[in-house]
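Student: Residue numbers (my numbering), protein chains in the order written: chain A, 129 to 292; chain B, 129 to 292; chain C, 129 to 292; chain D, 129 to 292. Just so you know, even glycine gets a beta-carbon here, dropped at the ideal spot from N, CA and C. This is the structure I have questions about; it appears just below.
There are 4 protein chains.
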Amino acid sequence: MHWTAQHKHSPQPMEPRDPQWQEKVRGSFARQKVMTLIGAELVDVRPGRCEIHLPFRADLTQQNEYFHAGIVATVVVSAGGYAGFSLMPAGSDVLTVEYKLNLLAPGEGERLIAIGEVVKSGRNLVITRGEVYTVKNGRSIHCATMQQTLMTMHGKPQVQEHKS
Amino acid sequence: MHWTAQHKHSPQPMEPRDPQWQEKVRGSFARQKVMTLIGAELVDVRPGRCEIHLPFRADLTQQNEYFHAGIVATVVVSAGGYAGFSLMPAGSDVLTVEYKLNLLAPGEGERLIAIGEVVKSGRNLVITRGEVYTVKNGRSIHCATMQQTLMTMHGKPQVQEHKS
Amino acid sequence: MHWTAQHKHSPQPMEPRDPQWQEKVRGSFARQKVMTLIGAELVDVRPGRCEIHLPFRADLTQQNEYFHAGIVATVVVSAGGYAGFSLMPAGSDVLTVEYKLNLLAPGEGERLIAIGEVVKSGRNLVITRGEVYTVKNGRSIHCATMQQTLMTMHGKPQVQEHKS
Amino acid sequence: MHWTAQHKHSPQPMEPRDPQWQEKVRGSFARQKVMTLIGAELVDVRPGRCEIHLPFRADLTQQNEYFHAGIVATVVVSAGGYAGFSLMPAGSDVLTVEYKLNLLAPGEGERLIAIGEVVKSGRNLVITRGEVYTVKNGRSIHCATMQQTLMTMHGKPQVQEHKS
């Protein structure tokens with residue numbers, strides 16, 4: 129076999145191991161009270177992918193009236209975490225071990241769009257990538273890029289909210 | 129000179145280049161509306177060091193009722209940013225280029241304490257380190273550690289609030 | 129405009145600002161003596177993209193006879209750096225500010241393939257992403273993923289090797 | 129309890145869990161063939177701390193005749209990895225999950241000194257910090273700073289070299 133320029137790699141498809149993956153992710157998001165505080169919306173979740181939107185509000189800004197870097201982090205860390213959680217087996221919880229975020233453009237616009245996607249799903253560790261876009265006058269601008277390490281906490285299911 | 133075990137390095141003292149460094153940092157923090165939203169307090173600022181506290185509130189939590197990782201990031205990114213900003217010359221602004229955060233323990237407790245410190249202050253780039261502790265039953269637990277890159281935006285002073 | 133699930137973002141094409149971009153990158157690579165030491169090959173360079181290969185050698189390994197993580201870093205940091213350098217204006221040099229590397233699989237195989245690509249090319253800062261694959265029995269395995277920050281050193285051209 | 133300025137945190141002492149920690153680390157380092165290739169020396173190892181030195185050689189350089197960033201990474205990633213390995217239980221191996229490296233000054237000098245230290249030693253994950261100094265004309269310059277995540281591979285001891 130001869131290896132030359134322009135190597136192409138075909139990633140494997142993402143298979144959920146928990147048939148309840150969608151309810152599990154949506155239920156967990158609904159229990160994150162900080163998402164209600166800032167007004168974030170879980171717009172889409174698929175196996176190994178999650179998209180969260182955040183409409184602009186003046187009380188989410190830093191000194192220049194842009195989205196604060198910590199708020200950008202809050203939505204993209206969650207998008208990456210839920211992308212990974214969607215692939216984890218039933219009866220397990222997700223832990224964020226660490227992440228690294230590059231800010232590419234000011235968080236200026238009417239809306240943040242955060243997309244998390246799984247890069248590698250191992251038995252214990254799950255690596256994700258996150259992208260954040262701002263929408264300004266209907267145009268999308270690449271605002272931040274993230275690389276994140278998650279850990280599967282086997283045998284530690286998330287506490288559910290029980291009503292009644 | 130002979131180099132053996134246990135190398136010791138003496139860092140240089142941090143000298144502010146703007147006589148108004150303290151007012152500048154405190155004024156900028158006061159203009160970050162997200163700090164008011166979450167209830168963060170600028171407890172201490174020195175040349176090259178900044179400490180921000182955040183009392184627990186249920187609306188700052190993730191699904192297990194701990195401080196959300198994004199909120200941990202919000203306070204420590206700001207502590208690191210202001211540690212760097214305190215050393216920048218007059219008439220310049222601070223930009224967070226990127227950071228990396230390791231979460232060491234759950235964000236569980238009555239209070240977060242975020243401390244940012246400058247590691248290297250160059251003409252354009254400033255590197256900081258941040259530590260976050262939670263206080264639980266009066267005991268301090270190391271919760272997160274951060275490494276951050278800032279950029280000095282020369283000739284772009286922060287907009288001041290003018291009260292006339 | 130309505131923002132719903134599955135946001136798509138169209139990145140801008142990469143335009144070199146130095147007509148000599150290819151000679152510049154190839155000349156610089158040839159002057160990196162460590163590339164000769166380890167046997168790395170610059171296989172492909174395009175505006176905003178660079179691919180470096182490294183055949184296996186026993187003296188590049190860690191304790192389990194896999195490629196050492198530092199060697200994986202050496203090739204991917206260079207691939208990212210040259211991806212960025214290819215877009216920089218004439219008369220400037222490239223500086224690696226920082227990078228973060230996740231190791232996804234053991235560096236086990238006959239060859240490492242490192243690909244660097246520019247994510248965002250700003251006036252001073254250039255952000256890249258790098259992927260490393262190992263080739264084992266003719267199959268490609270995703271081995272590492274990197275996120276990197278470069279700085280353009282304006283007015284500081286790389287020193288050329290002058291013969292005679 | 130009242131929390132005011134200048135929070136101080138007392139880290140816990142590092143206790144090795146394997147009585148053979150020193151032989152284990154020194155044996156593993158000796159089996160890393162890349163250390164022989166570049167000429168690195170394991171100068172000091174203690175529970176939770178490791179120091180590796182690397183004398184300058186022209187074949188370890190990038191285009192400006194400084195130590196290549198990948199070589200800086202090679203020594204500091206190993207220093208951090210062995211700092212963590214020294215605390216791991218008998219019968220386990222160390223895996224580098226990821227790390228982030230900031231380059232603070234050019235790798236210019238007669239020698240690199242890399243020091244790895246454990247920040248947090250958990251059951252599975254171990255977080256370390258690494259510092260690299262160059263020694264130039266007998267003066268030590270802070271060259272790079274690293275943050276690293278390791279994983280303990282329980283029940284997977286490193287393969288020993290058997291002689292006879």
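Compare the C-beta of K89(C) with all C-beta atoms of chain B and state if any pair is closer than 8 Å.
Tutor: Past the edges of chain C, shown from 129 to 292, lies residue 89(C), and the structure says nothing about it.
Student: Could you tell me the alpha carbon to alpha carbon distance between Q286(C) and E179(A), rounded to whole angstroms?
Tutor: Using only the alpha carbons, I get a separation of about 43 Å.
Student: Whole angstroms is fine: what's the gap from T273(B)'s alpha carbon to E151(C)'s?
Tutor: 42 Å
Student: If you measure from the beta carbon of K264(B) to each beta carbon in chain C, is any gap under 8 Å?
Tutor: no
Student: Provide the residue span of the alpha helix (DSSP H) that contains M163(D), from first to last.
Tutor: 161-166
Student: Suppose only complete runs of 3+ residues qualify. What are the beta strand (DSSP E) ranges in the segment 233-258 of chain C, listed by chain order?
Tutor: 239-249
Student: Under the rule that 16 or more other beta-carbon atoms within 10 Å means buried, what is K291(C), buried or exposed?
Tutor: Any reading at K291(C) needs caution, since the residue's pLDDT is 38, under 50, leaving its predicted position unreliable; the model's value is listed next. Flag for K291(C) reads exposed.
Student: Quick one: complete alpha helix (DSSP H) runs, 4+ long, within the segment 172-236 of chain B?
Tutor: 197-213
Student: What span of residues does the beta strand (DSSP E) with Q148(B) cover, start to end?
Tutor: Where Q148(B) is concerned, there is no enclosing beta strand (DSSP E), given that its DSSP letter is neither H nor E.
Student: Mind listing which residues of the segment 212-226 of chain A have their C-beta closer than 8 Å to chain D's C-betas, in chain order?
Tutor: V225, E226
Student: Could you work out which residues of chain A lie near V203(C), taking near to mean beta carbons separated by less than 7 Å?
Tutor: Simply none; closest approach about 13 Å.
Student: State yes or no: is the beta carbon of P147(D) nearer than 8 Å to at least one beta carbon in chain C?
Tutor: no
Student: In chain C, which residues lie less than 7 Å from Q275(A) when you measure between Cβ atoms?
Tutor: K228, N230, T273, Q275
Student: Can you confirm whether L278(D), when its beta carbon is compared against all beta carbons of chain A, has any partner nearer than 8 Å?
Tutor: no
Student: With distances taken from CA atoms, which of Q148(B), H282(B), N192(B) is nearest A158(A)?
Tutor: N192(B)
Student: Buried or exposed, going by whether 16 or more other CB atoms sit within 10 Å of the CB of G258(A)?
Tutor: buried
Student: For a contact defined as C-beta to C-beta under 8 Å, what are the partners of L253(C) on chain B?
Tutor: V225, M279, listed in chain order.
Student: Chain D beta carbons: is any one of them nearer than 8 Å to that of S206(C)?
Tutor: yes
Student: Decide yes or no for the touch test of the segment 226-246 of chain C against the segment 196-204 of chain C: beta carbon pairs closer than 8 Å, at least 3 of them.
Tutor: yes
Student: Compare the C-beta of R151(A) with all C-beta atoms of chain C and state if any pair is closer than 8 Å.
Tutor: A quick correction: the sequence has Glu, not Arg, at residue 151(A). The Cβ of E151(A) sits no closer than 8 Å to any Cβ of chain C.
Student: Which residue's Cα is closest to the Cα of L170(A): F195(A), V263(A), W149(A), R154(A)?
Tutor: Considering only alpha carbons, the answer is R154(A).
Student: Leaving out the 5 sequence neighbours to the left and right, which residues in its chain are closer than 6 Å to A218(A) when beta-carbon positions are compared?
Tutor: D146
Student: Contact criterion: CB-CB distance below 8 Å. Does V260(C) meet it with respect to chain A?
Tutor: Cβ-Cβ to chain A under 8 Å: no for V260(C).
Student: May I have the straight-line CA-CA distance separating Q148(C) from L165(C), to the nearest angstrom?
Tutor: 27 Å
Student: Can you give me the Cβ contacts of Q336(B) inside the same chain, cut-off strictly under 6 Å, excluding the 5 residues immediately before and after it?
Tutor: Past the edges of chain B, shown from 129 to 292, lies residue 336(B), and the structure says nothing about it.
Student: Which bits of chain B does S249(D) rub up against, with CB to CB less than 8 Å?
Tutor: Within chain B, no residue comes near S249(D); the closest Cβ sits about 10 Å away, beyond 8 Å.
Student: Contact criterion: CB-CB distance below 8 Å. Does S156(D) meet it with respect to chain B?
Tutor: no
Student: Sorted by chain position, which residues of the same chain lie with C-beta nearer than 6 Å to S249(B)'s C-beta, five sequence neighbours on each side aside?
Tutor: Spatial neighbours of S249(B) in its own chain (CB-CB distance under 6 Å, excluding positions within 5 residues in sequence) are listed in chain order as L215.
Student: Hey, is M143(D)'s beta-carbon within less than 8 Å of any beta-carbon in chain B?
Tutor: Inspection of the sequence shows that residue 143(D) is occupied by Glu rather than by Met. No - not a single Cβ of chain B is within 8 Å of the one on E143(D).
Student: Check the C-beta distance from T224(B) over to L278(B) and give it rounded, since I have them as a contact under 8 Å.
Tutor: Indeed they touch by this definition, with Cβ atoms about 6 Å apart.
Student: Which residues in the same chain have their Cβ closer than 7 Å to the Cβ of G167(D), if we skip the five residues on either side of it in sequence?
Tutor: L182, P183, R185
Student: Does G283(D) pass the burial test, meaning 16 or more other C-beta atoms within 10 Å, or should it be called exposed?
Tutor: exposed
Student: So the beta strand (DSSP E) T137(B) belongs to, where does it begin and stop?
Tutor: It should be pointed out that residue 137(B) corresponds to His in this sequence rather than to Thr. Counting along the chain, H137(B) falls outside any beta strand (DSSP E), and DSSP gives it neither H nor E.
Student: Name the DSSP bridge partner or partners of Q275(D)?
Tutor: K228(D), R257(D)
Student: Closer than 8 Å, CB to CB, is V171(D) near chain A or not?
Tutor: no
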